[in-house]
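Everything on this sheet refers to the single structure shown next.
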Amino acid sequence: TTTAKKAASKAVKKVAKAAKGQPSPAPGAPGHGAASLEEPTEPRPPLPPKPDQQAPRTGTPTGAATGAPAEAFAQQGAWLTTSTGTRLRDTDHSLKAGERGPSLLQDHHLREKITHFDHERIPERVVHARGAGAHGLFVGYGNASKLSTAAFLGKDVETPVFVRFSTVIGSRGSMDTARDTRGFATKFYTSEGVFDLVANNMPVFFVQDGMKFPDVVHAAKWHPDREIPQAQTAHDTFWDFVSLHTEAQHHTIWAMSDRGVPRSYRMMEGFGVHTFRLSGPDGATSLVKFHWKPRLGVHSLTWEECQLLGGVDPDFHRRDLYDAIEAGAFPQWELGVQVFEDTPEQTFAGIDLLDATKIVPEELAPVQPIGLLTLGGNPTNFFAESEQVAYHVGNLVPGIDVTDDPLLQARLFSYIDTQLSRLGGPNYNQLPINRTHAPVNDMLRDGMHQTAVHGGVAPYHPNSLDGGCPFMAGDSENAFLDVPTPVAGDKVRAAPASFDDHFSQTRLFWLSMTPVEQDHIVQAYTFELGKCFDETIRQRQLQCLGRIDERLAADVAAGLGMPAPEAFELADVTPSPALSQVGGQWPVDGRMVGIVVDPQVAAADVTAILEVLQEAHTTPLLVAAHGGPIWPDETLMAHRTLLTTRSVEFDALIVLGLPIDAAAVNPNLDAKAGSAVSAGPDPRVVLMVDEAMRHSKTVALTSELADVLGVDPQAPGVVVGDPSSLAASVLEALTRHRAWPMPVPVPAPPA
Ligand code: HDE
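Using my numbering, read the sequence shown as starting at 2 and increasing by one per residue.
Structure (structure tokens):
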């Protein structure tokens, strides 16, 4: 009736008014999602917008707005509409000629829905397709203000950022734990415009000249005929290229080292790779290399973990980053610089600063911290933020300029060019995630996906019709400065002689590794070359290894069952211990601890362990025989079961009980174990412990369980004790990441 309708409408308004300004409930919280199993069909007052109906977040966790008119994008109200706001009464059926008849061409809702869906995907990035982003805040220490006028480096200046981590080779859906270089790109929304530091987790690059970038990428990506292998360099074309184009050997040894298999994005260093030029308030310039240093230290997975995770949890790094941020274990990095005098030679200690295949050892030029980055917010929408973010090495701010590094020069062209096919036109800087927080007054107009409505009639300079606006800024208005540098020489396609040394720093890296890291490098080369079919390619790469180190070449040759290469004259280099990631003690925030329990374990012991671990900002997960409550009269629930987890998910294991999955036992497992139920522990528990130990993780357990599982209490990483003491021991051990050294068998060279 009309009265009922009026009453309903009044109620709607009242609720809407009360709800205005209220944050909508978080996913999983009461009020969010289904309260009953039935689909809600009763008309009801509009609720506050669901998260996916809210305006895309155009600000950052710090609350800084990007300037996007949020309301213009808002999704509002309780009723389904077309994209043009007309309310709809049905979205389940096409408009048909009769219930069993054909669909009608006039069905505008069907066409809109399907057409939009048909175009939901955009081309993936040509490299770095697979990635994950997060919002954060950068705070300057102020000590770089004498080197650079960049405002965001000022003391206590807070700058919102968006960081995207990535792998390089795989497609968007490939596994996170591939052996690969990782991208570490940061967009600083500074008061003076956007500054992008588009970095990697390795300080050197495969090629010295951008001209060679398509070559190395074509070689590293899948074979063009079968599009395999995905996300890996373990195949002929990659090794064909790097063994011929030997400037790639330095980056290759980094990729074969533990740096190629990070434990977490949170535990990686970042490197700007190129040398940049800073200009200070007095006009003085200096050359710098940028470094990100993670507060949690640099840590890696083992290769076997990577391979298992590729199946068990292909999203391992993405999940790790998201979960750590949700849990409040905000990852942090210090930004640092190595500073060099801006001399005409642009060298330091004989190292060519324009050669992106060279590092400057930290022992020669210490990394000086200049600010702190904290990642404190997950994206609201993966596509709108992590996918649409567009980095560009040419997004610079006053006080930071580029150098003549020929790799960087090509990147200056590539990063905006690639967005044209990826984001569909030249207006991608208007996308919310790319918008600067500084006022924009450009004269760029029109084009695909133009969302601004520009006023005025004179988008040209000079003009009188707009009163001459916009005006050119000078030094006093903080205009960007292309630092004037002298240029001379003939126009040539050539590289300087200093670019010819491809092996001395490669050897330096090898010699800087501890034995366990060297063993991992040997294993990695052996694995990758073992996947190459062409004998010549393997031989050629063995020769390259011989030019790095005799033992390296001999051990890999032995693993391949091939003769070691002849002896080469080796460079005399001083190792840089700073390159090793073994040693030291680090915070344990966000580490995963698996706790294996059964109903015979005292629930109070488990609760006590959980408290200690949670207080230390680690994430303990209970592994039990089945889902749901573990003890009939306790609220503690299993987080994982023997079916849903594997040791590789955890940094450490605490084994308190022996769950037996009596009901669900897989017949194959049964057959293998000769009835898992009656003949001792479930083979999956045995496997978990065995794997964790093989990966040099801490395994903590009671002495009775050590007996039952046949675990040697003296083995590296094994902690035996009362349940009450185990959590503290695990936390202490985790500060060192693993119980190195782990014995990695190296096959004896053939006689
Ligand atoms: Fe990139 N690179 N790159 N690169 N790069 C891209 O830009 C390119 C290089 C790096 O999370 C592309 O938007 C050339 C070095 C990262 O969105 C493309 C050359 C370093 C990311 C491109 C290099 C990087 C990219 C593909 C040699 C470390 C991901 C999609 C001259 C310092 C950014 C895109 C993100 C992405 C070109 C070399 C890092 C095609 C031509 C050296 C972290 O423009």
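Built from N, CA and C at the ideal position, the CB exists for glycine as well.
Bear in mind that the values here come from a model prediction, so they are computed numbers and not experimental data.
With a CB to CB cut of under 6 Å and the five nearest residues on each side skipped, what residues in its chain are close to G171? Sequence-distant partners of G171 (beyond 5 residues in either direction) whose C-beta falls short of 6 Å from its own C-beta, in its chain, are R131, A179, Q231, A232.
Can you round the beta-carbon distance between A186 and V195 to whole angstroms, since I take them to be within the 8 Å contact cut? A186 to V195, Cβ: 12 Å. No contact.
Just to confirm the assignment, what range does the alpha helix (DSSP H) spanning F317 have? 317-327 is the span of the alpha helix (DSSP H), which, as asked, contains F317.
Tell me, which residues are paired with M593 by DSSP? Answer is T620.
So for P161, helix, strand or coil by DSSP? Three-state DSSP puts P161 in a strand.
Following the continuous beta strand (DSSP E) through T286, name the residue where it begins and the one where it ends. Counting along the chain, the beta strand (DSSP E) containing T286 begins and ends at 286-295.
Could you tell me the alpha carbon to alpha carbon distance between V607 and M638, rounded to whole angstroms? If you draw a straight line from the Cα of V607 to the Cα of M638, it comes to about 11 Å.
Does DSSP put A674 in a helix, in a strand, or in coil? Here A674 scores only 45 on pLDDT, less than 50, and its place in the model should not be relied on; the value that follows carries that caveat. Note: A674 maps to helix in three-state DSSP.
Look at I371 and L336 and say whether their C-beta atoms are less than 7 Å apart. It is a contact, given that the beta carbons lie within the stated cut-off.
Within the present structure, is the beta-carbon of L379 separated from the nearest heavy atom of the ligand HDE by less than 6 Å? Looking at the sequence shown, residue 379 is not Leu but Asn. Checking the Cβ of N379 against the ligand HDE gives no.
If G395 sits next to L413, beta carbons under 8 Å apart, how far is it from one beta carbon to the other, in whole angstroms? The distance from the Cβ of G395 to that of L413 is about 5 Å, consistent with a contact at the 8 Å cut-off.
Alpha carbons only, please: which of H94, Q369, D91, A152 is nearest the one belonging to E478? Ranked by Cα distance from E478, the first of H94, Q369, D91, A152 is A152.
Taking the straight line between their C-alpha atoms, what separation do you get for G585 and D197? Computed Cα separation, rounded: 31 Å.
Whose C-beta lies closer than 6 Å to the C-beta of L111 among residues of the same chain, with five residues either side of it excluded? Cβ-Cβ distances below 6 Å link L111 to S95 in the same chain, with the five nearest sequence neighbours on each side left out; the list follows chain order.
Would N435 and H450 qualify as a contact pair, given that the criterion is a beta-carbon distance under 7 Å? The Cβ atoms of N435 and H450 lie no closer than 7 Å to each other.
Terminal residues of the beta strand (DSSP E) in which H136 lies: Where H136 is concerned, the enclosing beta strand (DSSP E) stretches over 132-141.
Measuring only the C-alpha atoms, how far is F534 from D237? Between F534 and D237, the C-alpha separation is close to 7 Å.
Just confirm the distance between the C-beta atoms of T303 and H696, as a whole number of angstroms; I'd bet it's less than 8 Å. Right, the Cβ-Cβ distance comes to about 5 Å (below 8 Å), so this counts as a contact.
Neighbourhood of L245 by C-beta distance below 8 Å, restricted to the same chain and skipping five residues each side: Result list for L245: R541, in chain order.
Counting only runs that start and end within the region 704-735, where is the alpha helix (DSSP H) found for 4 or more residues in a row? As far as the region 704-735 is concerned, its whole alpha helix (DSSP H) runs of at least 4 residues are 704-710, 724-735.
My guess is that T355 and D406 are in contact by the Cβ rule of under 8 Å, so how many angstroms apart are they, rounded? With the sequence shown as reference, residue 355 is identified as Leu, and Thr is not the correct amino acid for it. About 4 Å separates the beta carbons of L355 and D406, which is inside the 8 Å limit, making them a contact pair.
Using three-state DSSP, classify D520 as helix, strand or coil. Note: D520 maps to helix in three-state DSSP.
Between which two residues does the beta strand (DSSP E) harbouring A200 extend? That run of the beta strand (DSSP E) goes 194-201.
Report the residue from P332, Y323, L288 whose alpha carbon sits nearest the alpha carbon of V484. Checking every option, the nearest Cα to that of V484 belongs to L288.
So the candidates are A350, L727, T699, E705; which of them puts its Cα closest to the Cα of A740? By alpha-carbon distance to A740, the top candidate from A350, L727, T699, E705 is T699.
With the cut-off set at 7 Å, would you say I655 and L623 are in Cβ contact? At the C-beta level, I655 and L623 stay beyond 7 Å of one another.
Between T276 and the rest of its own chain, which residues show a CB-CB distance below 8 Å, the 5 nearest in sequence each way excluded? Here the set comprises L288, V289, K290, F341, Q347, L354, L355, T404, D406.
Any chance the CB of R165 is under 6 Å from a heavy atom of the ligand HDE? Checking the Cβ of R165 against the ligand HDE gives yes.
Any idea what DSSP makes of K213, helix, strand or coil? DSSP places K213 in helix when its eight states are reduced to three.
Looking at L530: is its Cβ nearer than 7 Å to the Cβ of L561? Result yes, Cβ atoms of L530 and L561 sit closer than 7 Å.
Nearest-angstrom Cα separation, counted from V719 out to T736: Computed Cα separation, rounded: 15 Å.
Identify, in the order they occur along the chain, each residue of the same chain with its Cβ nearer than 7 Å to the Cβ of S513, setting aside the five sequence neighbours on each side. P576, S577, P578, L580, S581, listed in sequence order.
Given that a residue counts as buried once 16 or more other Cβ atoms are within 10 Å of its Cβ, and exposed if not, what is T85? With fewer than 16 other Cβ atoms within 10 Å, it is exposed.
For R122, is the classification buried or exposed, using 16 other Cβ atoms within 10 angstroms of its Cβ as the cut-off for buried? R122 comes out exposed.
Given a cut-off of 7 Å on the beta-carbon distance, is the pair T191 and D181 in contact? Not closer than 7 Å, so no.
Examine the ligand HDE and report whether any of its heavy atoms sits within less than 6 Å of the Cβ of D135. According to the sequence provided, residue 135 is Ala. The question's Asp does not apply to it. Of the heavy atoms belonging to the ligand HDE, none sits nearer than 6 Å to the Cβ of A135.
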